[in-house]
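Engineer: For reference, the structure I am asking about is given below.
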Amino acid sequence: MFSYNFTYELKLLVRNKWLPMLSLLLLISFTFATYNGNYRTQKRVEQIASIESKVLEKDANMLKLLDSVEKGMEVKTSFRRIPNTPMAIGYQHPRAVTMSPNSMSAIAIGQSDIFSDAIMPITVDDDFSIDFTEMTSSVQLLFGSFDLTFVIIYLLPLLIIAFSYNILSAEKERGALRLLASQPISIYKWIFQKMILRFFWLGIIMIIALVISFLISGINLFQIQFISLTGLILVYMLFWFSLSFFINLVGGSSAKNAAYLIGLWVFFVLLVPSSINQIANSTYPTPSRNNLVNTMRTLKVAVSKKQDTVLDHFLRHHPELVAKRGSEDYGFWHKYMASMDMVAVEIDSLFSLYDEQLKGQQDYVNKWIWLSPSLVINKEMNRISGNSTADYQNFKNQALSFSRHWRNHLIFMLYSQLPFTTKDYDTLPKFTYKPLELKGIGMRIAIQFILCILIGLLGIYMFKKRLKKGHAILNN
Amino acid sequence: MIRKTIIKELKEIFRDGRFKFSALLVIILIAVAIVIGSNQYKNTNKQYEISQNSERNVWENQGAKNPHSAAHFGTYVFKPKNALALLDQGVDKYEGISIFLEAHSRNEAQYSAAGDQTELSRFGELTSDFILLYVIPLLIIIIGYNSFTKEKEGGTYVLLKSQGISNLKLAIAKLIAVYIPVFIICSVLFLTAGIVLSSLSNYSAFSWDKLLSLYLTYLLYYLVFAQIVLLISTSTKRSGISLVSALSFWILSCFIAPKIAANMAEIKYPYPTKQEFITSLEEAKKGGLSGHNPWSKEAKKLEAKLLKEYNVRHVSELPFNFSGYIMQKGEEHEAEVYFKAYGKLKEQFSNQANTYKSIAFISPFLPTRFLSMGIAGTDYESHMSFAEAAEDYRIQTQKFLNDNNMNNSKYGERGYKADASFWKTLPKFNYTAPTLDVILKQQNTNMAVLVLWVFISGLLLFISTKKI
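These protein sequence lines map, in sequence, to chains S and D.
According to the working numbering, the stretch in the first sequence is residues 1 to 476, in order.
According to the working numbering, the stretch in the second sequence is residues 477 to 944, in order.
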C-alpha cells in the first residue's frame with residue numbers, strides 16, 4: 001500500500017504543479033536571502049580589510065618619522081604629531097580591534113546591522129565613550145533583512161501549511177474519501193504516509209535550494225556547520241508537518257484547518273517571541289541611559305574640581321606607576337589619565353548594570369525559548385552565523401579589555417617617563433578575536449525531534465478517541 | 477436590502493467563535509500595549525526632565541574655566557519622547573536618545589534601546605503599532621475571507637439573488653459589515669489613547685489633530701484590506717483557497733515587501749559603515765583650518781589676511797584675541813565638513829525612501845507604516861530634525877564660547893578663565909517637534925499612494941462583483 005500511496009502522491013504533486021511551484025519559490029527566496037546575507041558579510045570583510053591596511057600604512061609612516069627623529073634629523077611635523085611619546089601613540093595611532101565574520105555569517109544578519117565589528121579605541125577612550133553601534137538606516141533596522149533566517153522561520157512554515165493543510169479535508173470535500181475508506185488502510189496511517197512523503201519531497205527541495213543558493217553566493221558547503229544548519233531546518237520543517245498532521249486529524253473543513261494552522265503560526269512566530277521579549281524587558285529593565293550620562297557628568301565635574309588631589313589619589317592606588325624621578329615631571333597627560341581612572345572606578349558598578357540586565361534578559365529568554373521552536377531555530381541560526389547578541393557581547397568584552405590593556409600599557413610608559421621608540425613598536429598589544437564555542441546543536445535537534453513525535457502521537461491519540469466515540473470521519 | 481444584509485452579516489460575524497476569540501485577543505493585546513506604553517512614556521518623560529535639569533546644572537556649575545575647556549567638556553542634549561509614540565513607536569528604539577555636543581565634532585545620538593536588548597527584540601514587541609499594522613488586518617481577513625465563498629459553498633448565493641439584490645449592493649453591504657467591527661475596535665483604541673494621553677501631565681506635545689490624522693490613516697488602511705479580502709472572496713470558489721490567498725497577501729505586504737524594500741534600498745543606496753564615515757570625515761577635516769593647529773597653511777593664510785585687513789604687523793596687535801578667532805573659524809570649517817557629510821547621508825536616505833515608495837505598489841503596509849510613524853513623530857525624519865536642531869545649538873554654543881575667549885583674553889595669555897557665572901548666560905536648548913502641516917507636506921507621496929490603494933482596490937472589487 002505504501003508504494004501505491006507513494007506513486008499516487010508523486011503523480012498528484014507533479015500534476016497539480018505544486019512541486020515545481022514550491023521548488024521555484026524556495027529557490028528564489030533562498031537565493032535572494034543568501035545573497036543579502038552574503039552582501040552584508042562581504043561589506044564587513046571589506047571594511048575590516050580596509051581598516052587593517054590603513055593601520056599598517058599609518059604605522060609604516062609613523063615608524064619612518066620616528067626613525068628620522070631618533071637619528072636626529074629635522075622633521076616638518078608639528079611637535080604634537082611626533083610619535084615619540086606614549087600618549088602621541090595612544091591618541092593618534094590606535095589599533096584596529098575587529099571581529100571578522102565567520103564562514104556561515106551569511107545565513108543570519110542577526111545583530112550585525114546594529115553593532116559594529118570594528119572599533120579603534122584611543123587612550124582617552126573609556127568603557128563609556130567607545131561606541132559599538134553600526135551606522136545603519138533605522139528604517140532598515142525596523143523592517144529587518146530578508147535573510148535566510150527570515151525565510152526559514154517565517155516563510156517555510158507557511159509553505160508547509162499551504163502544502164498540507166487540506167490533506168484529509170480535500171479528499172472529504174471532493175468526495176474521494178469514501179473510495180479511500182474502501183481500501184485496507186487506516187485513515188491516520190494514510191495521512192501519516194502522505195505527510196511523510198510531502199516532508200520527504202519538501203526536504204529534498206529545501207536541501208537542493210540551500211545548496212544552489214550557497215553555491216551562487218560562493219559559500220563553502222563542506223563544513224560541519226552546513227550539516228548542523230540542514231539538520232536544524234529539517235527538524236523545524238518536521239515540527240510544522242507534525243502540527244499539520246495533528247490539525248488534519250482533529251480539524252474539520254479545509255478553511256478551518258487553514259485558520260487553525262495560521263493561528264498556530266501567529267502564535268509561535270509572532271506572539272510567543274514578542275511576549276517573551278516583553279516580559280524579559282519588563283523583568284530586567286535596562287536602567288535609564290540618560291541617568292548614566294547624568295552620573296558620569298556630575299562625577300567629571302567633581303573630579304575636575306579636585307584636580308590637585310586627583311594625581312596623588314591615583315598614585316596612591318597605583319604605586320607601580322610612581323616615577324623614580326619624582327612628581328615634578330607630571331604634566332597634563334598624567335593628570336588627565338588619573339582623572340579618567342577616578343571617574344572610571346566610580347562609574348564601573350553603574351556601567352556593569354547594563355551588561356547584567358542584558359544578561360538577565362538573555363537568561364530569561366533562554367529559559368523560555370522552548371515555548372516556540374521558531375525561537376530555538378532563530379537562536380541556533382544566529383549562533384552558527386556568529387552574529388547573535390552573545391557574539392557581539394563577547395566581542396564587546398574582548399574589545400573593552402583590549403582597550404584597557406592598551407591604555408595601561410601606554411600609561412605605564414607615560415608614568416615611567418619613557419619615550420616611545422621604534423623598538424617599542426613590537427611590544428605594542430595586538431588584538432585577536434576569539435569566537436564563542438559552538439556546542440549543543442545536535443542536542444537541540446534531538447529535543448525538537450522528540451517534540452515532533454509527541455505532537456504526532458497526540459494527534460493519533462485524539463483521533464482514535466474520536467473514533468471510539470463513534471465519530472464518523474466520513475460524515476463530519 | 478443593503479441594511480438587512482448588513483444586519484444579517486453582522487449577526488453572523490458576532491456569532492462566529494473565531495471572530496469572538498480573535499477580537500478578544502486583539503482587545504487584550506491593545507490593553508497590554510497601552511498599559512505598557514503609557515508606563516514607558518511616563519518613565520521616559522520623567523527621566524527626560526530629570527536628565528535635562530541635571531545636565532544644565534552640571535553645565536552652569538562647572539566653575540571658573542577657560543571657555544575652550546568648557547567647549548571640550550561639552551554638554552548633552554536629550555531627545556524628548558513624542559506623545560503619539562504610545563500608538564506608534566516607529567524607529568524610536570533604533571535611534572539614540574542623547575547627543576553629546578562638544579568642540580570640533582558632531583556626534584551621533586547615543587544609546588538606542590535596541591542596543592541594550594537581546595536579538596529577540598527584532599521579532600517585535602507587543603506595542604500598539606504591532607497590533608494596528610499587523611494584527612487588525614489579520615482580523616479583517618478572519619472576518620471577511622468567506623464573506624462570498626460561504627454563499628457559494630452553501631448554495632445561498634442563488635437564494636440571495638432571487639431576493640433581487642444586485643451584486644454591487646451585496647458587495648457594498650458585505651464591505652460595510654466587515655468594516656464595522658474593525659471600525660469599532662479602531663475607534664475605541666484611538667479614543668482610549670486620546671484620553672490616556674490628554675490626561676497624563678506634561679503632555680505638551682500631544683495634539684488631537686495628529687491623533688485624528690493617525691486615526692484616519694488607519695481607517696483608510698483597513699478599508700484597503702477589507703476591500704482586498706472581499707475581492708479575493710468574490711474571485712475564489714472555496715473558503716479554504718480564499719483564506720490562504722488573503723493570508724498570502726497579508727504576509728506579502730506586511731512581512732515580505734518591507735524586508736525586500738529594505739534590502740534593495742541597502743544594496744542600491746548603501747550607507748557607509750561607521751568607520752568609513754569617521755575616516756572620510758577625518759580626511760575632509762585634514763586639509764582645512766583647525767583651531768588647534770595655528771601652524772597649518774590655512775591658518776597662516778587666515779593670519780595674513782587679518783594682518784592686512786587690520787593693518788597690523790603681528791596678531792597680538794589685533795583688537796581681539798587671535799586664538800579665539802581662529803578657534804571659531806576652525807569650528808566653522810569643521811561644522812561645514814559635518815554639514816556636507818550629513819547632507820550626503822540624508823541624500824542617501826531620501827534615495828532609500830524612494831526605493832520604499834517604489835515597492836509600495838505591492839504593499840499598502842509600506843505607505844501606512846511611513847505615514848503613521850511620520851505623524852507620530854517617531855520616524856527617521858523626526859529624529860533627523862532633532863539631531864539637526866542639536867547641531868545648530870552646538871554651533872551656537874561654540875560661537876558663544878569662542879567669542880568670550882576672543883573678546884576677553886589676550887593673545888598668548890595662558891590660564892584665562894571665564895567667570896563661574898558666565899555659563900548661566902548660555903541660552904537653553906529648546907526643541908519643538910514639527911507641526912502637523914509640515915509633516916503632512918513631507919508625507920504627501922505616502923498619502924497619495926494610500927489613497928490610490930483605496931481607489932484601486934475598490935475599483936477591482938467593483939469589477940469583480942460583475943463576475944461572481
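Where is the CB? At the ideal position from N, CA and C, for every residue including glycine.
Short check: CB of S:M99 to CB of S:I51, under 9 Å?
Structural biologist: Reading the first sequence from its first residue, position 99 is the one you call residue 99 of chain S. Reading the first sequence from its first residue, position 51 is the one you call residue 51 of chain S. Cβ distance not < 9 Å, so S:M99 and S:I51 don't count as in contact.
Engineer: Helix, strand or coil: which one does DSSP assign to D:R582?
Structural biologist: For the purposes of this step, residue 582 of chain D is taken as the residue at position 106 of the second sequence. Strand, per DSSP.
Engineer: Kindly indicate the opening and closing residues of the alpha helix (DSSP H) around D:F495.
Structural biologist: Position 19 of the second sequence, counting from 1, holds the residue named residue 495 of chain D. Start and end: 493 to 536.
Engineer: Going by the CB atoms, is the gap between D:G853 and D:A561 shorter than 9 Å?
Structural biologist: Against the second sequence, residue 561 of chain D aligns to sequence position 85. Against the second sequence, residue 853 of chain D aligns to sequence position 377. Yes, the pair counts as a contact, with Cβ atoms nearer than the cut-off.
Engineer: Is there a Cβ from chain S that is less than 9 Å from the Cβ of D:K843?
Structural biologist: Position 367 of the second sequence, counted from the first residue, corresponds to residue 843 of chain D. As written in the sequence, residue 843 of chain D is Pro, which differs from the Lys given in the question. Judged by the 9 Å Cβ criterion, D:P843 is not in contact with chain S.
Engineer: Reducing DSSP to helix, strand and coil, say where D:S574 ends up.
Structural biologist: Taking the first residue of the second sequence as position 1, residue 574 of chain D is located at position 98. D:S574: strand per DSSP, three-state reduction.
Engineer: In whole angstroms, what is the alpha-carbon distance linking S:S288 and D:I526?
Structural biologist: Locating residue 288 of chain S in the first sequence gives position 288, counting from the first residue. Locating residue 526 of chain D in the second sequence gives position 50, counting from the first residue. Using only the alpha carbons, I get a separation of about 11 Å.
Engineer: Residues in the stretch 762 to 781 of chain D with C-beta within 7 Å of chain S's C-beta atoms, listed in sequence order?
Structural biologist: For the stretch 762 to 781 of chain D, which is checked against every Cβ of chain S, the residues closer than 7 Å are N769, W771.
Engineer: Taking S:F115 as part of the alpha helix (DSSP H), name the residues at either end of that continuous run.
Structural biologist: Sequence index remark: in the first sequence, residue 115 of chain S carries index 115 (1-based). Careful: S:F115 lies outside any alpha helix (DSSP H) and carries neither H nor E.
Engineer: Inspect the beta-carbon positions of S:K439 and S:Q398 and report whether they are closer than 9 Å.
Structural biologist: To locate residue 439 of chain S, count along the first sequence from 1; it is residue 439. To locate residue 398 of chain S, count along the first sequence from 1; it is residue 398. No, Cβ-Cβ distance for S:K439 and S:Q398 is not below 9 Å.
Engineer: Nearest to S:I447 by alpha carbon, out of S:I109, S:L238, S:A162?
Structural biologist: Here residue 447 of chain S corresponds to residue number 447 of the first sequence, with the count starting at 1. Minimum Cα distance to S:I447 is reached at S:L238.
Engineer: In angstroms, rounded to a whole number, what distance separates the CA positions of D:Y907 and S:S164?
Structural biologist: Taking the second sequence and counting its residues from 1, one reaches residue 907 of chain D at position 431. Taking the first sequence and counting its residues from 1, one reaches residue 164 of chain S at position 164. Cα to Cα, D:Y907 sits roughly 56 Å from S:S164.
Engineer: Of all Cβ atoms in chain S, is any one closer than 9 Å to the Cβ of D:I915?
Structural biologist: Taking the first residue of the second sequence as position 1, residue 915 of chain D is located at position 439. So, not an interface residue.
Engineer: Compare the C-beta of S:M195 with all C-beta atoms of chain D and state if any pair is closer than 9 Å.
Structural biologist: As a first step, residue 195 of chain S must be located in the first sequence, where it is residue number 195. So no, S:M195 is outside the interface.
Engineer: Does the CB of D:S581 have a neighbour CB from chain S at under 9 Å?
Structural biologist: The residue given as residue 581 of chain D occupies position 105 in the second sequence. Judged by the 9 Å Cβ criterion, D:S581 is not in contact with chain S.
Engineer: Looking at S:W240: is its Cβ nearer than 9 Å to the Cβ of S:P184?
Structural biologist: Working through the first sequence from its first residue, we reach residue 240 of chain S at position 240. Working through the first sequence from its first residue, we reach residue 184 of chain S at position 184. Taking 9 Å as the Cβ cut-off, S:W240 and S:P184 do not qualify as a contacting pair.
Engineer: Go ahead and pull the three-state DSSP assignment for D:K626.
Structural biologist: Numbered from its first residue, the second sequence carries residue 626 of chain D at position 150. DSSP places D:K626 in helix when its eight states are reduced to three.
Engineer: Select from S:L215, S:P86, S:V211, S:W201 the residue whose C-alpha is nearest the C-alpha of S:I411.
Structural biologist: Residue numbering aside, residue 411 of chain S sits at position 411 when the first sequence is read from its first letter. Ranking S:L215, S:P86, S:V211, S:W201 by Cα distance to S:I411 puts S:P86 first.
Engineer: Out of S:M413, S:E437, S:Q417, which one is the CA nearest neighbour of S:T427?
Structural biologist: Indexing the first sequence from 1 puts residue 427 of chain S at position 427. Of S:M413, S:E437, S:Q417, the residue nearest in Cα terms is S:M413.
Engineer: Under the DSSP definition of a beta bridge, which residues are partnered with D:Y552?
Structural biologist: Start at 1 with the first residue of the second sequence, and residue 552 of chain D comes out as number 76. D:F576, per the DSSP bridge assignment.
Engineer: Buried or exposed: S:G442, going by 16 or more other Cβ atoms within 10 Å of its Cβ?
Structural biologist: The residue labelled residue 442 of chain S in the question sits at position 442 within the first sequence. With fewer than 16 Cβ atoms within 10 Å of its Cβ, S:G442 is classed as exposed.
Engineer: In the DSSP assignment, what residue or residues form a beta bridge with D:A894?
Structural biologist: Indexing the second sequence from 1 puts residue 894 of chain D at position 418. D:A894 pairs with D:K541.
Engineer: Is the stretch 294 to 309 of chain S in contact with the stretch 256 to 271 of chain S, if contact means three or more CB pairs nearer than 8 Å?
Structural biologist: Short answer: they don't touch.
Engineer: Using a beta-carbon distance below 9 Å, is S:N408 in contact with chain D?
Structural biologist: Stepping through the first sequence from its first residue, residue 408 of chain S is reached at position 408. So no, S:N408 is outside the interface.
Engineer: Could you tell me which residues DSSP pairs with S:V365 in its beta bridges?
Structural biologist: To locate residue 365 of chain S, count along the first sequence from 1; it is residue 365. Paired residue(s): none; S:V365 is not in a bridge.
Engineer: For S:D135, which residues in chain D fall below 7 Å Cβ to Cβ?
Structural biologist: If you number the first sequence from 1, residue 135 of chain S lands on position 135. According to the sequence displayed, residue 135 of chain S carries Met and not Asp. Going along chain D in sequence order, the residues near S:M135 (Cβ under 7 Å) are Y747, P748, T749, K750, F753.
Engineer: So, for S:N476: in the same chain, excluding its five sequence neighbours on each side, which residues have a beta-carbon less than 7 Å away from its beta-carbon?
Structural biologist: By one-based count along the first sequence, residue 476 of chain S stands at place 476. A caution first: S:N476 carries a pLDDT of 46, below 50, which makes its placement in the model unreliable, though a value can still be read off. Same-chain partners within the cutoff: G252.
Engineer: Give me the residue from D:L728, D:S581, D:R532 with the minimum Cα distance to D:H548.
Structural biologist: For the purposes of this step, residue 548 of chain D is taken as residue 72 along the second sequence, with counting starting at 1. Considering only alpha carbons, the answer is D:S581.
Engineer: Three or more beta-carbon pairs under 8 Å between the stretch 709 to 720 of chain D and the stretch 825 to 839 of chain D, yes or no?
Structural biologist: No, the stretch 709 to 720 of chain D is not in contact with the stretch 825 to 839 of chain D.
Engineer: Buried or exposed for D:H544, going by 16 or more other Cβ atoms inside 10 Å?
Structural biologist: Counting from 1 along the second sequence, the entry for residue 544 of chain D is found at position 68. Its Cβ being crowded by 16 or more others within 10 Å, D:H544 is buried.
Engineer: Just the chain D side, please: which residues come within less than 7 Å of S:L27 by C-beta, in chain order?
Structural biologist: In the first sequence, counting from the first residue as 1, residue 27 of chain S sits at position 27. Residues of chain D passing the Cβ test: none, with the nearest at roughly 16 Å.
Engineer: Between the stretch 366 to 381 of chain S and the stretch 264 to 278 of chain S, are three or more C-beta pairs nearer than 8 Å?
Structural biologist: Verdict: yes, contact present.
Engineer: If you count every other CB in all the chains shown that lies within 10 Å of the CB of D:T712, and 16 or more means buried, which is it?
Structural biologist: Here the question's residue 712 of chain D lines up with position 236 in the second sequence. Result: buried.
Engineer: Under 9 Å between beta-carbons, which chain D residues line up against S:Y154? List them in chain order, please.
Structural biologist: Here residue 154 of chain S corresponds to residue number 154 of the first sequence, with the count starting at 1. Per Cβ cutoff of 9 Å: I727, F731, I732.
Engineer: Name the chain S residues whose beta carbon is nearer than 7 Å to that of D:E601?
Structural biologist: Stepping through the second sequence from its first residue, residue 601 of chain D is reached at position 125. Result: S274, N277, Q278.
Engineer: Nearest to D:Y887 by CA position, among D:A811, D:V791, D:Y869, is which residue?
Structural biologist: Reading the second sequence from its first residue, position 411 is the one you call residue 887 of chain D. For D:Y887, the nearest C-alpha among the options comes from D:V791.
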